[in-house]
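According to my numbering, the sequence shown is numbered sequentially starting from 5.
Beneath this line is the structure, given in structure tokens, with notes to follow.
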Amino acid sequence: MSDRLEKRRDKRNKVKKAVLFFTVSILSIGLGLGTAYFTSKYVNNSSGENKNILGSIQDKMVLGNRDSEDKNTEKEPEVKKPLPTDVNKGSNTSIEGDKFTFSAVDAQKANEYKLTADGNKMVFLTFDDGPSPKSTPAILNILKENDVKATFFVLGKNVDKTEDHKSILKQTLEEGHAIGNHSNSHNYDKLYPGRSANLNNITEDFETANKKLQEVLGEDFQTKVVRFPGGGMSWKNMQPVKEAFAAKGIAFLDWNIDSTDARSKNRTKEQIVSAITKELDKMESANIDKITILMHDTDAKKSTVEALPEIISLLKSRGYAFKTLK
Ligand SMILES: [Zn+2]
Numbered sequence: 005m006s007d008r009l010e011k012r013r014d015k016r017n018k019v020k021k022a023v024l025f026f027t028v029s030i031l032s033i034g035l036g037l038g039t040a041y042f043t044s045k046y047v048n049n050s051s052g053e054n055k056n057i058l059g060s061i062q063d064k065m066v067l068g069n070r071d072s073e074d075k076n077t078e079k080e081p082e083v084k085k086p087l088p089t090d091v092n093k094g095s096n097t098s099i100e101g102d103k104f105t106f107s108a109v110d111a112q113k114a115n116e117y118k119l120t121a122d123g124n125k126m127v128f129l130t131f132d133d134g135p136s137p138k139s140t141p142a143i144l145n146i147l148k149e150n151d152v153k154a155t156f157f158v159l160g161k162n163v164d165k166t167e168d169h170k171s172i173l174k175q176t177l178e179e180g181h182a183i184g185n186h187s188n189s190h191n192y193d194k195l196y197p198g199r200s201a202n203l204n205n206i207t208e209d210f211e212t213a214n215k216k217l218q219e220v221l222g223e224d225f226q227t228k229v230v231r232f233p234g235g236g237m238s239w240k241n242m243q244p245v246k247e248a249f250a251a252k253g254i255a256f257l258d259w260n261i262d263s264t265d266a267r268s269k270n271r272t273k274e275q276i277v278s279a280i281t282k283e284l285d286k287m288e289s290a291n292i293d294k295i296t297i298l299m300h301d302t303d304a305k306k307s308t309v310e311a312l313p314e315i316i317s318l319l320k321s322r323g324y325a326f327k328t329l330k
């Protein structure tokens, strides 16, 4: 082989190597860049994704914490959960006391001989003109000993007279009895001037009493049961008053048995029990089995307290259930 031929082949090989090196280099650079690009893209994505997953786990943990925080805050009202002795919101009894209630509207129908016996014998013991530190606590004790409930038609002027009066009123409600409004003043001349009902004066007087009741028993307390001083049957021009009260969902309640404890200062326990027994017989023969008994828990009513255990056992022996008025 000639030198010239050999040199040419050498030169051709060098060119080939250079082209190969160049191609490989380009490919390597391209591959490198490509790899770098895809890697960076993939790594960013995946780390982004990881970040999202992590983020959502963290979020869930935070939410979880929030949930448990919420549960914790929900637990607070559980702590403040109303007691059975608390006011049954919007009514005139405690939560426990609500179990013993009966419609005052129906009880009044029985008083007016418009609701005849249905075999469900009920008695509503009612005490007017309190609270009184001299008689109400004694009455509450007797009711508790005998496991019966009653309705107290209180006077606004008495409910906030002293701290003692206020706490007796609270105790009355807490022990499951119902509270009715018997006006603020009990002043016949103001409520029924010339024995004729004055709607404005009556409305204002009962509202004053309501405010006082709420001040002592709380905003949740609301009584829809009233008893007009002297009784709704005793005065002229009562129809507009009854209609105005009925329009507000307020029931008025008289009685069908007067215990006669207010008839005189010297009324004895025997006279009271005997009067009730006689009237009860009358009601039973008139086919009335919803009995409302009028009594009083004022400072002077010693004989009412003395007669009460006998009154309760008489009514129990005749099969009456003791209910309150709502
Ligand atoms: Zn009265």
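Every residue gets a Cβ at the ideal spot worked out from N, C-alpha and C, and that includes glycine.
- With respect to the 8 Å criterion, P135 and N162 are classified as neighbours on the basis of their beta carbons.
- Within the same chain, and ignoring the five residues on either side of F232 in sequence, the residues whose Cβ sits closer than 7 Å to its Cβ are F256.
- Closest in alpha carbon position to N202, among K246, G184, D164 and T166, is K246.
- DSSP, read as helix, strand or coil, puts A251 in helix.
- CA-CA distance, K286 to K84, rounds to 49 Å.
- The alpha helix (DSSP H) runs of length 4 or more contained entirely in the stretch 121-205 are, from start to end of the chain, 140-149, 160-163, 167-178 and 192-195.
- In the three-state reduction of the DSSP assignment, D262 falls in the strand class.
- CA-to-CA, the gap between P313 and I99 works out to about 26 Å.
- Straight through space, the alpha carbons of F128 and A154 are spaced by roughly 6 Å.
- Counting every other CB atom within 10 Å of its CB across the protein chains shown gives D132 a total of 16 or more, marking it as buried.
- For L147, the number of other beta carbons within 10 angstroms of its own is at least 16, and it is reported as buried.
- In terms of side-chain proximity, the C-beta atom of D132 is found nearer than 7 Å to a non-hydrogen atom of ligand 1.
- Around the C-beta of N124, fewer than 16 other C-beta atoms lie within 10 Å, and the residue is accordingly described as exposed.
- Residue burial is scored here from C-beta neighbours: D168 has fewer than 16 other C-beta atoms within 10 angstroms and is therefore classed as exposed.
- For I297, there is no enclosing alpha helix (DSSP H); the residue is part of the beta strand (DSSP E) that begins and ends at K294 to H300.
- With respect to S263, A250 sits apart: the two C-beta atoms are not nearer than 8 Å.
- Here the alpha carbon of R267 sits roughly 31 Å from the alpha carbon of V220.
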